[in-house]
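Chemist: In short: position in the sequence shown from 1, add 71, done, that's the working numbering. Structure provided below as structure tokens; questions to follow.
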Amino acid sequence: MNSIMKQVAELIMNQQPCVALTGAGISVESGIPTFRSKGGLWEKFDPAVYASIEVFRQDPSKYWSIRGEFIRNYDDYSPNAGHLALAELETMGLLRHVITQNIDGLHRKAGSRNVTEIHGSLREIFCVRCGKEYRAPKIPEGMPPLCVCGGVLKPNTVLFGESLPPQALETASRQAGTCKVMLVIGTSAVVQPAASLPFVARQNGARIVEVNIQNAFPAADFRIAEKAGVALSGIVAELKKLPFQGC
Ligand SMILES: [Zn+2]
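Next up, the structure:
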């Protein structure tokens, strides 16, 4: 295991820029509930009812009634070793960007600066009428919670039936298409558009490193079958052993 982490560390040192694509797997160690997996949230609550934009427009209290199931209190969750290792890689100048499918905001909490959240973030909540932004956990009481103007509040996350923010998508594909190494971490990469990003990277000559307990991306050049926290802090430790090669 250590030898593969060393190989990946050398790859990251020698082939820049490096970009990370992350999914639910990286946040499991922070206790964030999963959505799609077995036993996940969508087995208990039909997303077509509780998380669809169409239903939200007619009856936003449906969504807000299970909001606590997504994240009970935003401030209760902390980034884990995996998020922290990616933030450290960025500080070391060895990670250009994080593209994430997660809405938990933990990459930013960990200190990553260049982050694209393609499904939005639970942290931001805005008024659908006047656009005023609220920050979790300071969400007004009430069901559904209303803005001071009386408008309905909506999370800044992409609900089912909603299109993804075009600017985030554009950034994600540009990052994927211009990197030399892509770390694919804790994502089954079956949900579009994230699923296509490793292929975009590969077509443009990038090497793919998969960090996942399960093998989800067979075309990866390197595979570390470990928890994200273990694998990523291991890679950072190996990088620190390498002789500094200058900027
Ligand atoms: Zn308002």
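Just so it is clear, CB atoms sit at the ideal spot from N, CA and C, and this is done for glycine as well.
#1: Have a look at the DSSP bridge pairing and note the partners of V282.
#2: Quick check on DSSP: helix, strand or coil for I196?
#3: Rounded to whole angstroms, what's the CA-CA distance from R107 to P314? Just pull it up for me.
#4: E125 by DSSP, collapsed to three states: which one?
#5: For V268 versus A302, is the C-beta spacing smaller than 8 Å?
#6: Give, in chain order, every unbroken run of the alpha helix (DSSP H) that is at least 4 residues long and sits entirely within the region 165 to 239.
#7: With a threshold of 8 Å, are at least 3 pairs of Cβ atoms found where one atom belongs to the region 222 to 235 and the other to the region 186 to 203?
#8: Given I279, which residues of its chain have a CB within under 7 Å of its CB, disregarding the five upstream and five downstream residues?
#9: Would you check whether ligand 1 has a heavy atom nearer than 7 Å to the C-beta of G222?
#10: Going by CA-CA distance only, name the one from K312, E161, Y121 and A152 that's closest to P88.
#11: Reducing DSSP to helix, strand and coil, say where L310 ends up.
#12: Quick one: what does DSSP say A80 is sitting in, helix, strand or coil?
#13: Is it right to say M76 is buried, meaning 16 or more other beta carbons lie within 10 angstroms of its own, or is it exposed?
#14: For G276 and K251, what's the separation of their Cα atoms in angstroms?
#15: Work out the CA separation of I210 and G153 for me, nearest whole Å.
#16: So G176 packs on R194, CB below 8 Å; how close in whole Å?
#17: The beta strand (DSSP E) that contains V90, what's its start and end?
#18: Pull up the distance between the alpha-carbon of T187 and that of D146, whole angstroms please.
#19: Given 7 Å as the limit, tell me if C89 has its C-beta closer than that to any heavy atom belonging to ligand 2.
#20: So the candidates are N173, D117 and R206; which of them puts its Cα closest to the Cα of V229?
Modeler: On the basis of the supplied data:
#1: To locate residue 282, count along the sequence shown from 1; it is residue 211. DSSP lists I256 and I295 as partners of V282.
#2: Numbered from 1 along the sequence shown, position 125 holds the residue referred to as residue 196. Three-state result, I196: strand.
#3: Numbered from 1 along the sequence shown, position 36 holds the residue referred to as residue 107. Numbered from 1 along the sequence shown, position 243 holds the residue referred to as residue 314. Straight-line Cα distance between these residues: approximately 42 Å.
#4: In the sequence shown, the residue the question calls residue 125 occupies position 54. DSSP places E125 in helix when its eight states are reduced to three.
#5: Taking the first residue of the sequence shown as position 1, residue 268 is located at position 197. Taking the first residue of the sequence shown as position 1, residue 302 is located at position 231. First, the residue type needs correcting, since residue 268 is Leu and not Val in the sequence shown. In this structure, A302 does not lie closer than 8 Å to L268 by Cβ.
#6: Contiguous alpha helix (DSSP H) elements confined to the region 165 to 239 occur at 177 to 181, taking only those with 4 or more residues.
#7: yes
#8: As a first step, residue 279 is located in the sequence shown; it is residue number 208 there, counting from the start. Excluding positions up to five away in sequence, the list reads M253, V255, P269, A272, R273, F288, A290, A291 and D292.
#9: Numbered from 1 along the sequence shown, position 151 holds the residue referred to as residue 222. Yes; taking the cut-off as 7 Å, the Cβ of G222 has a heavy atom of ligand 1 nearer than that.
#10: Numbered from its first residue, the sequence shown carries residue 88 at position 17. It is E161.
#11: Numbered from 1 along the sequence shown, position 239 holds the residue referred to as residue 310. Helix at L310.
#12: As a first step, residue 80 is located in the sequence shown; it is residue number 9 there, counting from the start. Here A80 sits in helix by DSSP.
#13: Here residue 76 refers to the residue found at position 5 when the sequence shown is read from its first residue. When all chains shown are included, M76 counts as buried.
#14: Residue mapping note: residue 276 aligns to position 205 of the sequence shown, counting from 1. Residue mapping note: residue 251 aligns to position 180 of the sequence shown, counting from 1. Roughly 7 Å separates the two Cα atoms.
#15: The residue you call residue 153 lines up with position 82 of the sequence shown. The residue you call residue 210 lines up with position 139 of the sequence shown. G153 and I210: Cα-Cα distance of roughly 29 Å.
#16: For this step, residue 176 is matched to residue 105 along the sequence shown. For this step, residue 194 is matched to residue 123 along the sequence shown. G176 to R194, Cβ: 4 Å. Contact.
#17: Counting from 1 along the sequence shown, the entry for residue 90 is found at position 19. From DSSP, the beta strand (DSSP E) with V90 extends over C89 to T93.
#18: Walking along the sequence shown from the start, residue 187 turns up at place 116. Walking along the sequence shown from the start, residue 146 turns up at place 75. Distance between the alpha carbons of T187 and D146: 21 Å.
#19: This structure lacks ligand 2; its bound ligands are ligand 1.
#20: The residue labelled residue 229 in the question sits at position 158 within the sequence shown. It is N173 whose Cα lies nearest to the Cα of V229.
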